[in-house]
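Written out below as structure tokens is the structure these notes cover.
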Amino acid sequence: DDLIGTTSIDLEDRWYNKHWQELRKTRKELKEFRSLDNASLNTPQGNLEMWVEMYRPDEADQAPIDIRPPPNQKFQLRLVVWEARKVPLDGYSYVNMSVSGTLTTQTECATPIEQEFTTDEHSGLKDGHGIFNFRMLYEIESPCSLSRLKFSVWSRSLLTYSCVAEANMDIQPLLLKLVSSRKDSLELPRTSIPMKLSNFGAQNRGVVDIQISLVTKDYAEQHPVGAARDPPNENPFLPEPPRPQWLAWAGNGFNGWCLGLTVIVIIVILIIILVRIFA
């Protein structure tokens with residue numbers, strides 16, 4: 025194993041320090057952050073969060089320390105995808121847009137687990153603004169070493185289906201906050217998440233508006249909500265998004281008419297072939 029860094033504490037000096045003695049009378053845990061140093065390197069190699077407890081022999085029996093890890097807890101993550109805005113069209117006159125959410129979790133020494141859901145499609149968008157009002161429900165077990173949520177915006181055409189923007193969000197801070205609060209739920213109000221794409225460097229690829237509720241498994245069973253816009257549709261209520269009722273290519277400019285004409289030509293060719301085969 026490679027040495028990363030070390031830290032040293034003079035316990036005798038600590039014990040006879042009057043200030044430390046006063047603090048230990050008022051606080052059970054005197055947490056501190058100590059720098060990790062390595063003699064072969066000039067810069068600190070991180071920090072160690074720790075505390076030191078020392079007792080007289082007559083005190084030690086009266087000061088048990090519970091260092092057990094927190095018990096496993098199950099949670100439900102409720103993600104609402106409201107809309108995606110300012111998504112580039114990349115040269116197209118319109119796009120057919122959807123948004124996927126992939127939650128990757130991993131408990132200690134276990135294989136990562138992925139849960140993925142995708143919104144319905146908003147077709148014929150000329151301004152890169154898709155409205156979804158779509159709820160996704162994920163199951164999480166804590167403690168976990170990894171809990172990451174990935175948003176991907178997808179564009180579909182007749183021959184392609186590609187990711188045009190994405191963003192990542194660390195869910196661990198929300199989990200830790202809910203566990204430490206000992207409450208049943210934690211709300212992250214509607215917020216805008218900026219998106220990029222590795223193929224486009226630092227270029228802004230729009231934003232996705234989301235809202236998150238993190239609840240315990242017991243709370244989820246007592247106060248259920250439906251996926252997508254299914255009942256019970258509440259907390260929050262998700263209205264049906266405005267969507268055109270005609271085909272996505274109709275009335276969407278030259279590219280749309282070309283797509284429609286291509287479909288018609290293919291159908292006519294197939295009919296001619298079938299007629300010749302069975303004539």
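Be aware that the sequence shown starts at 25, since it is given in my numbering, and climbs by one per residue.
Here a beta-carbon is modelled for each residue, glycine too, at the ideal position from N, C-alpha and C.
- Message: If the criterion is Cβ atoms closer than 8 Å, does the pair S304 and T131 meet it?
- Response: This structure does not reach residue 304, given that the chain is present from 25 up to 303, and the question cannot be answered.
For this session: Flag this pair as touching only if the segment 150 to 157 and the segment 200 to 208 have three or more C-beta atom pairs under 8 Å; answer yes or no.
Result: no
Got a sec? Which residues, its chain only, sit under 6 Å from V177 by beta carbon, not counting five neighbours each side?
Numbered from its first residue, the sequence shown carries residue 177 at position 153. Closer than 6 Å at Cβ, skipping near neighbours: A108, V111, V123, V188 and A189.
| task | Report the partner residues of G154 according to the DSSP bridge assignment. | result | Along the sequence shown, one-based indexing puts residue 154 at 130. DSSP lists A108 as partners of G154.
> Looking only at its own chain, which residues have a Cβ that is under 8 Å from the Cβ of L221, when we skip the five neighbours before and after it?
Replying inline: Position 197 of the sequence shown, counted from the first residue, corresponds to residue 221. Closer than 8 Å at Cβ, skipping near neighbours: C187, V188, A189, E190, Q227 and R229.
Next on the checklist: Can you give me the C-alpha to C-alpha distance between P197 and D254, rounded to a whole angstrom?
Outcome noted: As a working mapping, residue 197 is identified with position 173 in the sequence shown. As a working mapping, residue 254 is identified with position 230 in the sequence shown. About 29 Å.
When you compare only the Cα positions, how much space is there between T31 and R58?
Here residue 31 refers to the residue found at position 7 of the sequence shown. Here residue 58 refers to the residue found at position 34 of the sequence shown. Distance between the alpha carbons of T31 and R58: 7 Å.
(Q) Once DSSP output is grouped into helix, strand and coil, what is the label at P218? (A) Your numbering for residue 218 matches position 194 in the sequence shown. It is a strand residue.
Given a threshold of 16 other Cβ atoms within 10 Å of its Cβ, counted over all protein chains shown, does N66 qualify as buried or as exposed? Residue mapping note: residue 66 aligns to position 42 of the sequence shown, counting from 1. That one is exposed.
Burial state of F302 (16 or more Cβ within 10 Å)
For the purposes of this step, residue 302 is taken as residue 278 along the sequence shown, with counting starting at 1. With fewer than 16 Cβ atoms within 10 Å of its Cβ, F302 is classed as exposed.
Mind checking who L127 pairs with in its DSSP beta bridge? Taking the sequence shown and counting its residues from 1, one reaches residue 127 at position 103. Q139 and L173.
(Q) Do E163 and Q100 count as a contact pair if the criterion is CB distance below 8 Å? (A) Counted from its first residue, the sequence shown places residue 100 at position 76. Counted from its first residue, the sequence shown places residue 163 at position 139. In this structure, E163 lies closer than 8 Å to Q100 by Cβ.
query = I think E56 touches K98, with their Cβ atoms under 8 Å apart; what is that distance to the nearest whole Å?
reply = Residue mapping note: residue 56 aligns to position 32 of the sequence shown, counting from 1. Residue mapping note: residue 98 aligns to position 74 of the sequence shown, counting from 1. Actually they do not touch by this definition, with Cβ atoms about 33 Å apart.
Which partner residues of M160 appear in the DSSP bridge assignment?
Taking the sequence shown and counting its residues from 1, the one referred to as residue 160 is at position 136. M160 pairs with L103.
Could you tell me how far apart the beta carbons of Q235 and L262 are, in whole angstroms, since I believe they sit closer than 8 Å?
-> Reading the sequence shown from its first residue, position 211 is the one you call residue 235. Reading the sequence shown from its first residue, position 238 is the one you call residue 262. Incorrect: roughly 10 Å between the Cβ atoms, too far for contact.
Self-check item: Close Cβ partners of N62 (< 8 Å) along its chain, the five nearest in sequence each way excluded
Solution: One-based indexing of the sequence shown puts residue 62 at position 38. L27, I28, G29, T30 and Q69.
In whole angstroms, what separates the C-alpha of L103 from that of S216? Within the sequence shown, the letter at position 79 stands for residue 103. Within the sequence shown, the letter at position 192 stands for residue 216. If you take the alpha carbons of L103 and S216, they lie about 13 Å apart.
Q. In terms of residues, what are the limits of the beta strand (DSSP E) holding L149?
A. Locating residue 149 in the sequence shown gives position 125, counting from the first residue. Element bounds for L149: H146 to L149.
key: Paired residues, beta bridge with T240 - DSSP   = If you number the sequence shown from 1, residue 240 lands on position 216. Answer by DSSP bridge pairing, in chain order: F99.
Boundaries of the alpha helix (DSSP H) in which V203 is found, first to last residue: Taking the sequence shown and counting its residues from 1, one reaches residue 203 at position 179. Here the alpha helix (DSSP H) through V203 covers Q196 to S205.
Would you mind reading off the limits of the alpha helix (DSSP H) that contains R38? Start at 1 with the first residue of the sequence shown, and residue 38 comes out as number 14. L35 to W39 is the extent of the alpha helix (DSSP H) around R38.
Inset, instruction - Within 10 angstroms of the Cβ of W75, are there 16 or more other Cβ atoms? Answer buried if so, exposed if not. - result: In the sequence shown, counting from the first residue as 1, residue 75 sits at position 51. W75 is exposed by the Cβ-count criterion.
Check your understanding: Looking at the structure shown, is R92 part of a helix, part of a strand, or coil, going by DSSP?
Key -> What you label residue 92 is simply residue 68 of the sequence shown in a count that begins at 1. Coil, per DSSP.
Checklist entry - Which same chain residues, not among the five before or five after H43, have their C-beta less than 8 Å away from its C-beta? => result Here residue 43 corresponds to residue number 19 of the sequence shown, with the count starting at 1. So no residue of the chain qualifies.
**Asked** Just how far apart, CA to CA, sit R172 and H247?
**Response** As a working note, residue 172 is residue 148 in the sequence shown. As a working note, residue 247 is residue 223 in the sequence shown. Answer to the nearest angstrom: the Cα atoms are 25 Å apart.
Exercise. Is F224 helix, strand or coil by DSSP?
Worked result: Numbered from its first residue, the sequence shown carries residue 224 at position 200. In the structure shown, F224 sits in a helix (DSSP, three-state: H, G or I).
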